[in-house]
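> Okay, so the sequence shown: first residue is 105 according to the numbering used here, each after it adds one. From the three backbone atoms N, C-alpha and C, an ideal C-beta is built for every residue, glycine too. Okay, handing you the structure first.
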Amino acid sequence: MSHYIHNVPGRLRVKIPSIKGKPQDGLKIQGCLDAMIGIDQVDFSHVTGSVLIHYDPNVIDASKILHQLEKKQYISKTKTSMDNPAAHLDFSSARSALGKFLFGWALGKALENTGLSFLAVLI
Numbered sequence: 105m106s107h108y109i110h111n112v113p114g115r116l117r118v119k120i121p122s123i124k125g126k127p128q129d130g131l132k133i134q135g136c137l138d139a140m141i142g143i144d145q146v147d148f149s150h151v152t153g154s155v156l157i158h159y160d161p162n163v164i165d166a167s168k169i170l171h172q173l174e175k176k177q178y179i180s181k182t183k184t185s186m187d188n189p190a191a192h193l194d195f196s197s198a199r200s201a202l203g204k205f206l207f208g209w210a211l212g213k214a215l216e217n218t219g220l221s222f223l224a225v226l227i
C-alpha cells in the first residue's frame with residue numbers, strides 16, 4: 105500500500121490506507137503524534153484513511169513527523185509519494201503565460217481592421 109503525503113508548513117496530510125475501516129489504528133496514530141512537542145492537532149478519518157496534522161513549523165518540521173510515523177511503522181519511505189509544490193509552481197507559471205498569450209491573441213483578433221489594432225501589438 106502506498107502513502108500519499110501533502111505538506112504545506114503547518115499542515116501535513118498523510119494518506120495511510122491501512123487505517124481504513126480501523127478507527128482503533130487511527131487513534132493509535134493520533135496518540136503517537138499528539139505526544140510530540142509542536143503538534144497542535146491531529147485528526148484522522150478511518151473512512152478515507154487520511155491523517156491531518158496541524159503543527160507549529162517553528163517548533164517541528166514535517167520530516168520529523170514523518171520520521172516518527174515511519175519509526176512506528178505506520179508508513180514506509182519506499183511506499184511514499186509526495187505532492188511536489190514545485191510542480192504546482194511550474195504549472196502555475198505555464199498557465200499564466202498561456203493566459204497572457206491567449207488574451208493577446210483574442211485582443212488582436214478583436215481589434216483587427218480597426219483604428220486601434222496597434223494596441224494589440226503593445227500588449
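At a cut of 8 angstroms, does the segment 155-168 reach the segment 138-145 through at least three beta carbon pairs?
In short, these stretches touch, since the Cβ pair count reaches three.
> If we ignore side chains and look at the alpha-carbon of each, how far apart do T152 and E174 end up?
Each residue's Cα considered, the two are about 20 angstroms apart.
> In the DSSP assignment, find the beta strand (DSSP E) that holds S180 and state where it starts and stops.
It is not in any beta strand (DSSP E) - S180 carries neither H nor E in the DSSP assignment.
> Could you tell me which uninterrupted alpha helix (DSSP H) segments, each at least 4 residues in length, are contained entirely in the segment 109-162, listed from first to last along the chain?
Those alpha helix (DSSP H) runs which fall completely within the segment 109-162 and span 4+ residues are 127-138.
> Buried or exposed for V126, going by 16 or more other Cβ atoms inside 10 Å?
The sequence given here has Lys at residue 126, not Val. It is exposed - the Cβ of K126 has fewer than 16 other Cβ atoms within 10 Å.
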